[in-house]
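Notes for the one structure printed next.
Residue numbers (this note's numbering), protein chains in the order written: chain A, 7 to 386; chain B, 2 to 536.
Now the structure itself:
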């Protein structure tokens, strides 16, 4: 019988392992993050403890196995023993793992109980996922907004150089104060998403129709990045999360600024000032490419069988009332969202004008803020 | 009993006059066959084809992920690739391969002339090509194939999916029918057709593990059928099982799916345990250590598989008591699994080992499956799972247990029994080359996935942040090499089927024991027409 476990093979193996050492060195920076909260530190140490336990077991079990492979081989002329069982051994190697598991379960239980206690929070934020953006609503302040990917599509399609935070940057980050217990309430407007910020050791699913609860307390100001972790359709990979943690004074200033900006935007919307066609088309294109193009495509052609085309469609070229209604209220039973609560009145006017005049739709229709306001459902 | 024997003999005589010994040639032999060896061959070849189709999808995924940015495919198609890759590998490659092995081996191992229900056997195979044709045809539809992942969570798979959903549901129904019939056949065969003297505690472990697997299949395939039916009615008939707006619950989908899904995981690994338990004693020239504890460990794993499903759902927002229960029950699985690994090592201990290709794959199985077990244990720790969930760490985990676990065991089994099937020894040099190429490339492919996962890369994304770029390029190269290595396997099989090689003896392997090694190589078309007596 030929020997396949020759010394030469072992040399090859040794060489391969040495080659992979630089990779392993890089891997040390590729461990789980320790994060910036006391919970995330606990989670990190749980991870390391269970990892070392596994390593120790591996050394013992694989060590014995490789010892047998090296020594107890026919090529060495050994005679096989014929023993085939031992109740003592079976009991031993059932009992030892049970003991190890109990040791492991105790700290895991402790950390888990702490993680799941969201009581006595200082600030509550409602986090709503939808295809493919996050919405943050501060329940203690009059602030709410959407947070969208801000990486330009040129970078994604390799026609521009990729920035440092490629795919991990947004137009408006979530802003939190340091040292406060923040309670997040998670839900979704459409499919299941999952809000994940590794530095806080938070990953919680956002389920449509249900509300989940999780909390954090961050002591270190900084910018923390994550992304959606549950497959949520086409642009699941393009739904980042950026959290900016500020000192309380800066946070209060930010809150004030946001509240004022919101009030001003509402006043502007009330004015219902008419816009020129150029302005409507420019704002419309910008809004369309950020909000509508993920499904209907920049070309307006949609994805056959998945998302309908707007180019040449009946709604976008003929039936204006239906066009207004679809954009404002969405389409039940489909992925078409109700943009009436996502966009300002002038943005809706602009985007409808754009859709009716771009890609050769050329209806010449101009839709103004007042037309949209008239079509909006009465406020309750 | 004597009348039965008499009628069986009469039946055989009758058959001799028509088409026995070797059936007619051409396509009709394979279409109409009720012979367990023919059907086993069909299953195995079908599984090989699916392994390569699913592999091509994986290559598309790895090619797109080779660099950051979108290069080859668009996100929607990328999602179709991940979905089909999973479905094809689970239902098309791994499960049919095990059923093929059961068909070939169970009757020969228990001294039965054939499977107990041969016509149903034919049917359960021939459903499969139709089912997968339906599933794969969706690639050519408007909107393409299903894209909600092989787990097809609602409402992504209901309200937000394309019309491929209907095709997908029908394909899964067919698969389920096929699997249930295959499982019934295995159970009936093992209960009724054991040779005299083949008592329960003398059954080869492959037979035991398959018997337990068959019960799991019958228990959970109807659950899967229920899930897809609810998806179908939610999408097309206005029900709201998984829609909160109509009083349903999207999380209920996950409960039902994983109540099927977790036992399904063990359906794909228990027969692998049986294979390794057959191969290791042969090449260690020493009886299996702890046979009885192996049977009990397998049964315990099967039982536990029904009470751990929620560990797939720790981030869905469940009561803390449920999190604790499912953490403990999941950790518990490490105990019987550990017993198995310890028994294999004890079997090798003070044996006289040789290292032919089947043994090499079995040894790699033990080490690499155990690594997959370790990451499984880590995933059970709920607070840590919040960081691991839905990242490449999970992808690494289940590919270690499914590729270096289930697939390696299937490859080991093919090398081990191929001489019995074809009558010639496979090409050992090519076999060793296949092994070493696979071993190196599979670890290049899956080991770094642990690191990218821990560093924060979610699974199922077509594009990623720049810090993951180097690792992904390395992983992709490993993936391409692993794909190429499997062409060697194809060459080995092709040579053996064309009977190129040294003639195999009846026993084939020096240390092999069991009824299948007492019959000639290649195994005649009909074996054990008179049952052997097992001492």
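We treat Cβ as the ideally placed atom computed from N, Cα and C, and that holds for glycine. Values in this document were obtained by computation on a predicted structure and should not be read as measured data.
Chain A contact for residue i (CB, 8 Å cutoff)
i                      : result
residue 228 of chain B : no
residue 80 of chain B  : yes
residue 265 of chain B : no
residue 283 of chain B : no
residue 474 of chain B : no
residue 350 of chain B : yes
residue 231 of chain B : no
residue 461 of chain B : yes
residue 171 of chain B : no
residue 46 of chain B  : no
residue 343 of chain B : yes
residue 271 of chain B : no
residue 382 of chain B : yes
residue 1 of chain B   : Residue 1 of chain B is absent from the model: chain B starts at 2 and stops at 536.
residue 487 of chain B : no
residue 371 of chain B : yes
residue 478 of chain B : no
Any chain B beta carbon closer than 8 Å to residue i
i                      : result
residue 243 of chain A : yes
residue 341 of chain A : yes
residue 96 of chain A  : yes
residue 33 of chain A  : Summary for residue 33 of chain A: the model assigns pLDDT 47, below 50, so the residue's position carries little reliability; its value from the coordinates is reported in the next sentence. Judged by the 8 Å Cβ criterion, residue 33 of chain A is in contact with chain B.
residue 162 of chain A : yes
residue 28 of chain A  : Note on residue 28 of chain A: pLDDT 49, under 50, position unreliable in the model; the coordinate value appears next. Closer than 8 Å: no.
Through-space distance from residue j to residue i, alpha-carbon basis
i                      : j                      : result
residue 336 of chain A : residue 375 of chain A : 18 Å
residue 282 of chain A : residue 188 of chain A : 44 Å
residue 477 of chain B : residue 470 of chain B : 11 Å
residue 107 of chain B : residue 345 of chain B : 22 Å
residue 101 of chain B : residue 61 of chain B  : 28 Å
residue 195 of chain B : residue 204 of chain A : 56 Å
residue 537 of chain B : residue 137 of chain B : Beyond the ends of chain B as shown, which are 2 and 536, falls residue 537 of chain B; an answer cannot be given.
residue 97 of chain B  : residue 91 of chain B  : 9 Å
residue 295 of chain B : residue 93 of chain A  : 12 Å
residue 31 of chain A  : residue 481 of chain B : Here the model assigns residue 31 of chain A a pLDDT of 46, short of 50, so the residue's position is not dependable, and the following value carries that caveat. Those two C-alpha atoms are separated by around 24 Å.
residue 296 of chain A : residue 286 of chain A : 15 Å
residue 251 of chain B : residue 254 of chain A : 38 Å
residue 217 of chain B : residue 185 of chain B : 11 Å
residue 307 of chain B : residue 214 of chain B : 13 Å
residue 86 of chain B  : residue 377 of chain B : 22 Å
residue 221 of chain B : residue 264 of chain B : 7 Å
residue 348 of chain B : residue 113 of chain A : 36 Å
residue 264 of chain A : residue 165 of chain B : 45 Å
residue 329 of chain B : residue 56 of chain A  : 14 Å
residue 319 of chain A : residue 389 of chain B : 45 Å
residue 68 of chain A  : residue 510 of chain B : 26 Å
residue 311 of chain B : residue 303 of chain A : 38 Å
residue 169 of chain B : residue 534 of chain B : 48 Å
Integer Cβ distance of residue i from residue j, believed to fall under 8 Å
i                      : j                      : result
residue 232 of chain B : residue 155 of chain B : 6 Å
residue 219 of chain A : residue 315 of chain A : About 41 Å; that fails the 8 Å criterion.
residue 467 of chain B : residue 69 of chain B  : 6 Å
residue 118 of chain A : residue 383 of chain B : 5 Å
residue 49 of chain A  : residue 385 of chain B : 6 Å
residue 423 of chain B : residue 523 of chain B : 6 Å
residue 253 of chain B : residue 261 of chain B : With a Cβ gap of about 13 Å, residue 253 of chain B and residue 261 of chain B do not count as contacting.
Cβ-heavy atom distance, residue i to the ligand COA, below 7 Å
i                      : result
residue 303 of chain A : With respect to the ligand COA, the structure shown offers nothing to examine, as it has no ligands at all.
Quiz item: Hey, is the stretch 346 to 356 of chain B in contact with the stretch 280 to 297 of chain B, meaning 3+ C-beta pairs nearer than 8 Å?
Solution: yes
Exercise. Report yes or no: do three or more beta-carbon pairs, one from the stretch 126 to 134 of chain B and one from the stretch 190 to 210 of chain B, lie closer than 8 Å?
Key: By the Cβ test, the stretch 126 to 134 of chain B is not in contact with the stretch 190 to 210 of chain B, since fewer than three Cβ pairs between them sit closer than 8 Å.
Quiz prompt | Contact list for the stretch 422 to 435 of chain B against chain A, Cβ threshold 7 Å | solution = 433
Quiz item: For the stretch 303 to 336 of chain B, which residues have a CB atom closer than 8 Å to at least one CB atom of chain A, in sequence order?
Solution: 316, 317, 318, 321, 324, 325, 328, 329, 332, 333, 335 and 336
Exercise. Select from the stretch 297 to 331 of chain A all residues with a C-beta closer than 8 Å to any C-beta belonging to chain B, and list them in chain order.
Key: 309, 310, 311 and 312
Exercise. Compile a chain-ordered list of the residues in the stretch 126 to 153 of chain B whose CB is closer than 8 Å to at least one CB of chain A.
Key: 142, 143, 144, 145, 148, 149 and 150
Quiz item: At a Cβ cut of 8 Å, what residues of the stretch 167 to 179 of chain A count as close to chain B, listed as they run along the chain?
Solution: 168, 170, 171, 172, 173 and 174
Self-check item: Contact list for the stretch 230 to 262 of chain A against chain B, Cβ threshold 9 Å
Solution: 231, 232, 233, 234, 235, 236, 237, 238, 239, 240, 241, 242, 243, 244 and 246
Self-check item: the stretch 262 to 281 of chain B / the stretch 361 to 373 of chain B touching (three or more Cβ pairs under 8 Å)
Solution: Yes: the two stretches touch, three or more of their Cβ pairs being nearer than 8 Å.
Quiz prompt | Three CB pairs or more closer than 8 Å across the stretch 433 to 442 of chain B and the stretch 180 to 200 of chain A | solution = no
Quiz item: Closer than 7 Å, Cβ to any Cβ of chain A: which residues of the stretch 505 to 530 of chain B, in chain order?
Solution: none
Quiz item: Going along the chain, which residues of the stretch 74 to 86 of chain A sit with their C-beta nearer than 7 Å to a C-beta in chain B?
Solution: From the stretch 74 to 86 of chain A, only 74, 75, 78, 79, 80, 84, 85 and 86 have a Cβ closer than 7 Å to chain B.
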